[in-house]
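Undergrad: So the sequence shown is numbered by the numbering used here: it starts at 3 and just counts up by one. Using N, Cα and C, we set each Cβ at its ideal position, and we do this for glycine too.
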Amino acid sequence: MKMELVQQQLKEWGEIMITTSGGATFEIHLGDTTFDFDNRLIKLNTPHAHYVIDGDSVELVTKHYGHKDD
């Protein structure tokens, strides 16, 4: 999936889950994610780590609703 589509889905929903071709899953949000179109990268900054994801390796986008954390 092209990263432009991933960015579009994130802008529409505000928070999405992405799964890469390698099987890694990330929850990304508008406030913690940037898109580097020159290098085809999605950059996710969290309190615990900074992730650099191959922008065109996303195979699945999941839109989910908020829920109470148990």
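So who's on the other strand from M19, going by DSSP bridges?
TA: M19 pairs with E29, T64.
Undergrad: In angstroms with no decimal places, state the Cα-to-Cα distance between G16 and N47.
TA: Taking the straight line from one Cα to the other gives about 15 Å.
Undergrad: Where does V54 land, buried or exposed, given buried means 16+ other C-beta within 10 angstroms?
TA: Burial call: exposed.
Undergrad: Using the Cα positions of V60 and E14, report the straight-line distance between them to the nearest angstrom.
TA: About 17 Å.
Undergrad: Is D34 helix, strand or coil by DSSP?
TA: Three-state result, D34: helix.
Undergrad: Since V54 sits in a beta bridge, which residues does DSSP pair it with?
TA: Beta-bridge pairing links V54 to K45.
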